[in-house]
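Please read the structure below before turning to the comments.
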Amino acid sequence: MYTCCFTTPQINTWCSDWIEFYAGHRLGYQLNLAMEIFGDSSIYEKGVLIEPCLLHGDLWSGNISYDENGEPLILDPACYYGYTEAEFGMSWCAGFRTSMIHIFR
């Protein structure tokens with residue numbers, strides 16, 4: 006059975022090993038789609054040094070607000086250590102305003 010995450014198909018072929026499933030049907034599938042769409046293989050050829058950082062984990066427009074002074078508030082964390090740009094993957098699909106990116110710089 007295929008499902009979708011927003012408009013991107015998700016492959017749900019059975020695997021008895023969750024790592025194999027996640028690597029092949031989630032990450033691997035997404036990487037292959039990116040290669041098909043953008044055609045840039047330099048990240049595979051050169052590699053990228055990733056320094057993990059603490060991420061919110063559930064950052065979307067419903068978890069962002071402002072206090073009475075107009076200062077930003079970030080609510081309802083599901084924290085983990087990961088790649089900084091991973092934070093924006095689901096955020097983009099869930100109504101994260103691009104104007105909010107300045108908060109992270």
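Convert by adding 5 to the 1-based position in the sequence shown; the result is the number in our numbering.
C-beta atoms are modelled at their ideal positions from N, C-alpha and C, and glycine is treated no differently.
Got a sec, what are the start and stop residues for the beta strand (DSSP E) residue i sits in?
i: Gly33; result: Careful: Gly33 lies outside any beta strand (DSSP E), inside the alpha helix (DSSP H) at Gly33 to Phe43.
i: Ile79; result: Pro77 to Ile79
i: Pro57; result: Note, Pro57: premise wrong, no beta strand (DSSP E); not H, not E.
i: Tyr86; result: Tyr85 to Gly87
i: Pro14; result: Thr13 to Gln15
i: Thr8; result: Thr8 to Cys10
Go through its chain and collect everything with a Cβ distance to residue i's Cβ below 7 Å, but skip five positions before and after it.
i: Thr8; result: Gln15 and Asn17
What are the start and end residues of the alpha helix (DSSP H) that includes residue i?
i: Ile24; result: Trp23 to Phe26
Give a yes or no on whether the C-beta atoms belonging to residue i and residue j are separated by under 8 Å.
i: Leu59; j: Glu92; result: no
i: Ala39; j: Asp63; result: no
Closer than 8 Å by C-beta to residue i: which residues in its own chain qualify, once you throw out the five before and the five after it? Chain order, please.
i: Tyr86; result: Pro57, Cys58, Leu59 and Leu60
Cutting at 6 Å between CB atoms, please list the residues of its own chain near residue i, excluding the five before and the five after it.
i: Asn37; result: none
Opposite residue i in the DSSP bridges: which residues?
i: Ser70; result: Leu78
Compute the beta-carbon to beta-carbon distance between residue i and residue j, rounded to the nearest angstrom, for a pair I have assumed lies under 8 Å.
i: Ile79; j: Ile69; result: 6 Å
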